[in-house]
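Data first, discussion second: the structure below is written as structure tokens.
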Amino acid sequence: MASSSSFFTFSSQTTLHSHLHRNTFLTKTQFPVPTKSSESNFFGLRLSPSTSRSPLSPCSFKSSIFAKVNKGQSAPDFTLKDQNGKPVSLKKYKGKPVVVYFYPADETPGCTKQACAFRDSYEKFKKAGAEVIGISGDDSASHKAFASKYKLPYTLLSDEGNRVRKDWGVPGDLFGALPGRQTYVLDKNGVVQLIYNNQFQPEKHIDETLKFLKAA
Amino acid sequence: MAVSLQTKYPLRPITNNIPSTHRYSLLHVRVTCSATTTRNKPQAKLVVENRFMSPPLSNDPSLQSTWTHRLWVAAGCTTFFASLSKSIIGGVGSHLWLEPALAGYAGYILADLGSGVYHWAIDNYGDESTPIVGTQIEAFQGHHKWPWTITRRQFANNLHALARVITFTVLPLDLAFNDPVVHGFVSTFAFCIMFSQQFHAWAHGTKSKLPPLVVALQDMGVLVSRREHAEHHRAPYNNNYCIVSGAWNKVLDESKVFEALEMVLYFKLGVRPRSWSEPNSEWTEEKDISNNHKV
Chain V
1 MASSSSFFTF SSQTTLHSHL HRNTFLTKTQ FPVPTKSSES NFFGLRLSPS
51 TSRSPLSPCS FKSSIFAKVN KGQSAPDFTL KDQNGKPVSL KKYKGKPVVV
101 YFYPADETPG CTKQACAFRD SYEKFKKAGA EVIGISGDDS ASHKAFASKY
151 KLPYTLLSDE GNRVRKDWGV PGDLFGALPG RQTYVLDKNG VVQLIYNNQF
201 QPEKHIDETL KFLKAA
Chain A
1 MAVSLQTKYP LRPITNNIPS THRYSLLHVR VTCSATTTRN KPQAKLVVEN
51 RFMSPPLSND PSLQSTWTHR LWVAAGCTTF FASLSKSIIG GVGSHLWLEP
101 ALAGYAGYIL ADLGSGVYHW AIDNYGDEST PIVGTQIEAF QGHHKWPWTI
151 TRRQFANNLH ALARVITFTV LPLDLAFNDP VVHGFVSTFA FCIMFSQQFH
201 AWAHGTKSKL PPLVVALQDM GVLVSRREHA EHHRAPYNNN YCIVSGAWNK
251 VLDESKVFEA LEMVLYFKLG VRPRSWSEPN SEWTEEKDIS NNHKV
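Chains as they are written, first to last, in UniProt numbering: chain V, 1 to 216; chain A, 1 to 295.
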């Protein structure tokens, strides 16, 4: 059931904000509506706003997802240290599209696949005029070793304490047991235009974001 | 002052001029010397670790069955037969056949799942110093390095560890329960788990040397196939863990259950599974020796 899957996907990290001017509905764009809640959690969720009525009641908490950073909103600024220990602010990237991807941890199989996939497609992102930033809770030293080992050409930021992850409302997986894997595409004005979530098919983040950037 | 000296014998092919009686001690033993030096007389204490540095030969005692091994296999089989008898006799007495049969089928299916989960855990966590299962973990490590040696193990040698577990588990169930459905499940589950090492050995066999019935059962998917199990023996050694029928392998691998469990254990307990790291020399199959020793 989509409603149960949406509840399952978004853990207690998401909260209801009264200032949100529209509801956000969970839609599956690539896969059929799952009959098992576990499927939706793992195999690709794209958040998009919808003003049309859907079978999911907008009044039900279970069926509505209230992320702190939604599509159409200006992404809140942050300053985090990069892999060299230098502080980097998100506002520095205003004027060009930015792909901000939150991942669980360095040197884990899925995150390595994702990082290498971003690396291998980095030229395509640059051609689209976009920058790529990876964010996890690991420290700068871990990022430096990870980036060096896999020759990652883009910035990795250290979100110690997962403060930015919480501020942005990145949902966890498996009832919060795992930090979520969610990617945001910001336009040149810093407004979120795409949010893609997929824990166990990390390479799809690259496909989805590139597809969006090319179509934009 | 304590001085620790470790000597490793390099891997090299067997040479004919070394008497066979000496081969084991020369090539298979890592010698650790710890020496405490006083001014005049160092007191060396020799500690021998029985760790394989090169693959065991066919006549290696570690591959042969002992009477202890045979006793454990006999005990395991006895508990299994007792359970099976209770299921059949109880079923006949109650005019039940379908329910015990279905329970038996469930036992066969779940034994495959259980073999996969256990194999995943043993392959990825712990080492030889882990309590209770340390020797098993070491054996699994040696198996990955020289997979074909399992085909050289004698029957009771190969099965005795599982037979011991089955004996301790099934005996209380034999004594506590008479229900034919319960024993339908227990007997097939126990049989499949106890004989999973034999199914595993057959999965490492060559088609021409296996009994035709075994080959047929493998081809039908009743027993884990040679091709499917070979996938497990490729880096990074993180899939195809089930070794009874292998029916659960596709489901477990495609649904990324073990990947999810590994991530949860990493974030909750901080332990990394072995499959996340580049396989080290202790784990990686020695292909050159494997090719020389395969028949």
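The beta carbon of each residue, even a glycine, is placed where N, CA and C say it ideally should be. None of the values given here were measured: they were computed from a predicted structure.
{"Asked": "Classification of His22 (chain A) by the beta-carbon crowding that lies within 10 angstroms, buried from 16 upward", "Found": "Reliability fails at His22 (chain A), whose pLDDT of 42 lies under 50, so the model's placement of it is uncertain and the value that follows must be treated cautiously. Per the 10 Å Cβ criterion, exposed."}
{"Asked": "Residue environment, Ser245 (chain A), which counts as buried when at least 16 other CB atoms sit within 10 Å", "Found": "buried"}
{"Asked": "Cβ of Glu259 (chain A) within 8 Å of any chain V Cβ", "Found": "yes"}
{"Asked": "Val192 (chain V), DSSP secondary structure in three states", "Found": "strand"}
{"Asked": "Pro87 (chain V) in three-state terms, based on DSSP", "Found": "strand"}
{"Asked": "Pair within 8 Å by beta-carbon distance, Ile135 (chain V) and Asp106 (chain V)", "Found": "no"}
{"Asked": "Of the residues A:Val133, A:Thr68, A:Ala82, A:Phe140, the one placed nearest Tyr237 (chain A), counting alpha carbons only", "Found": "A:Phe140"}
{"Asked": "Proximal residues to Phe189 (chain A) (C-beta, below 6 Å), its chain only, five neighbours per side dropped", "Found": "Gly107, Ala111"}
{"Asked": "Under 7 Å by beta carbon: chain V residues contacting Tyr266 (chain A)", "Found": "Thr108"}
{"Asked": "Chain A within 8 Å of Phe200 (chain V), Cβ atoms only", "Found": "yes"}
{"Asked": "Touch test, the stretch 135-154 of chain V against the stretch 96-113 of chain V, Cβ-Cβ under 8 Å, three pairs minimum", "Found": "yes"}
{"Asked": "C-beta neighbour in chain V for Trp120 (chain A), strict 8 Å", "Found": "no"}
{"Asked": "Neighbour list for Pro104 (chain V) in chain A, Cβ cutoff strictly below 9 Å", "Found": "Met263, Tyr266, Phe267"}
{"Asked": "At least 3 beta-carbon pairs within less than 8 Å: the stretch 179-192 of chain V vs the stretch 72-82 of chain V", "Found": "yes"}
{"Asked": "Within-8 Å CB hit, Lys250 (chain A) to chain V", "Found": "no"}
{"Asked": "Sequence-distant residues of the same chain with beta carbon closer than 6 Å to Gly180 (chain V), five excluded per side", "Found": "Val170, Pro171, Gly172, Asp173"}
{"Asked": "Contact with chain A by Ala177 (chain V), beta-carbon distance below 8 Å", "Found": "yes"}
{"Asked": "Alpha-carbon to alpha-carbon, Lys149 (chain V) and Cys77 (chain A)", "Found": "52 Å"}
{"Asked": "Members of the stretch 206-229 of chain A that neighbour chain V once the beta carbon cut-off is set at 7 Å", "Found": "none"}
{"Asked": "Residues of the stretch 139-154 of chain A whose Cβ lies closer than 7 Å to any Cβ of chain V, in chain order", "Found": "none"}
{"Asked": "Backbone CA spacing between Lys145 (chain A) and Phe258 (chain A) [nearest angstrom]", "Found": "22 Å"}
{"Asked": "For Leu210 (chain A), the three-state DSSP class (helix, strand or coil)", "Found": "coil"}
{"Asked": "Chain A contacts from the stretch 162-187 of chain V (Cβ-Cβ distance under 9 Å)", "Found": "Asp173, Leu174, Ala177, Leu178, Pro179"}
{"Asked": "Per-residue burial, Ile193 (chain A) [other beta carbons within 10 Å of its own, 16 or more giving buried]", "Found": "buried"}
{"Asked": "Completely contained alpha helix (DSSP H) runs for the stretch 138-205 of chain V, where each covers 4 or more residues", "Found": "140-150, 163-168"}
{"Asked": "Separation of Ala177 (chain V) from Leu210 (chain V), as counted between CA atoms", "Found": "29 Å"}
{"Asked": "Where the alpha helix (DSSP H) containing Asp174 (chain A) begins and where it ends", "Found": "155-176"}
{"Asked": "Exposure label - Pro131 (chain A); buried when at least 16 CB within 10 Å", "Found": "exposed"}
{"Asked": "Segments of 4+ residues assigned as alpha helix (DSSP H) that fall wholly inside the stretch 203-269 of chain A", "Found": "212-220, 226-232, 247-254, 257-269"}
{"Asked": "Nearest residue (CA-CA) to His143 (chain V), options V:Asp82, V:His205, V:Ala216, V:Lys68", "Found": "V:Asp82"}
{"Asked": "Extent of the continuous beta strand (DSSP E) to which Ser65 (chain A) belongs", "Found": "Neither: Ser65 (chain A) is in no beta strand (DSSP E) and is coded neither H nor E."}
{"Asked": "CB of Ile150 (chain A) within 8 Å of CB of His143 (chain A), strictly", "Found": "yes"}
{"Asked": "Nearest-angstrom Cα separation, counted from Asn197 (chain V) out to Ala260 (chain A)", "Found": "16 Å"}
{"Asked": "Trp276 (chain A): contacting residues in chain D (beta-carbon distance under 8 Å)", "Found": "Looking at the structure shown, chain D is missing, and the protein chains on hand are V and A."}
{"Asked": "Local Cβ density within 10 Å of Phe168 (chain A), reported as buried at 16 or more and exposed below that", "Found": "exposed"}
{"Asked": "Residue from A:Asp123, A:Asn178, A:His69, A:Leu159 whose Cα sits closest to the Cα of Cys242 (chain A)", "Found": "A:Asp123"}
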